[in-house]
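Here's the structure we're looking at; comments come further down.
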Amino acid sequence: MSLGLRIEEIIFNLADAHLFFNDLEECDQVHIDDVSSDDNGQDLSNYNFAADGFHSSTNVNNPCISSTVRGGVDWMRKLAFRYRRIKEIYNTYRTNPQTLLGQQKYEELLQLRVDIEGLTG
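Residue numbers are given in my numbering: position 22 of the sequence shown equals residue 1340, and the series is strictly consecutive.
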């Protein structure tokens, strides 16, 4: 597998597993803090992102503009929750990606880095 495909796979798996990629891929936000004013500060430790109805409100033609729920106050709050969680994950794991990725994925990342440095160094 080419180096580009390997890095793409690692990034996609990380985004899909931890950063709400499927929920957010069609949303166009300039910055993660753009929706922070919509966040009510609710404790997210037991929040069920998978069952909050956020993704099911997607409008196929224009997912970030709502005909009903999407774009409304409730939807914006749920969007803000996702961005806050992403920020928490980043701040927690930015100096220790091994814990987030797991040992096998982390070793794959390290090997990929060695392979890339071998070609570019």
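Note that beta-carbon positions come from the ideal geometry of N, C-alpha and C, so glycine has one too.
Within 10 Å of its beta-carbon, does residue i have 16 or more other beta-carbons around it, so buried, or fewer, so exposed?
i: F1338; result: buried
i: T1386; result: Caution applies to T1386, whose pLDDT of 38 falls short of 50 and renders its modelled position unreliable; the model cannot decide the point.
i: A1398; result: buried
i: K1396; result: buried
i: A1330; result: Looking at the sequence shown, residue 1330 is not Ala but Phe. F1330 is exposed by the Cβ-count criterion.
i: L1419; result: buried
Identify, in the order they occur along the chain, each residue of the same chain with its Cβ nearer than 7 angstroms to the Cβ of residue i, setting aside the five sequence neighbours on each side.
i: Y1401; result: I1350, V1353
I think residue i touches residue j, with their Cβ atoms under 8 angstroms apart; what is that distance to the nearest whole Å?
i: I1434; j: L1332; result: So it is not a contact: roughly 17 angstroms between Cβ atoms.
i: F1372; j: W1393; result: 7 angstroms
For residue i, I'd like the list of residues in its chain whose CB is within less than 8 angstroms of its CB, leaving aside the five on either flank, ordered along the chain.
i: D1334; result: N1340
i: T1417; result: Y1411
i: L1430; result: L1321, R1324, I1325, I1328
With a threshold of 6 angstroms on Cβ separation, who are the neighbours of residue i within its own chain once the five nearest residues in sequence on each side are excluded?
i: K1423; result: none
i: S1363; result: none
Would you say the beta carbon of residue i is closer than 8 angstroms to some non-hydrogen atom of the ligand GTP?
i: Y1424; result: Of ligands this structure carries none, so the ligand GTP is not represented either.
Practice item. Ignoring anything shorter than 4 residues or poking outside the stretch 1329-1379, list the alpha helix (DSSP H) runs there in chain order. Key: Entirely contained in the stretch 1329-1379, the alpha helix (DSSP H) runs reaching 4 residues are, in chain order, 1339-1342.
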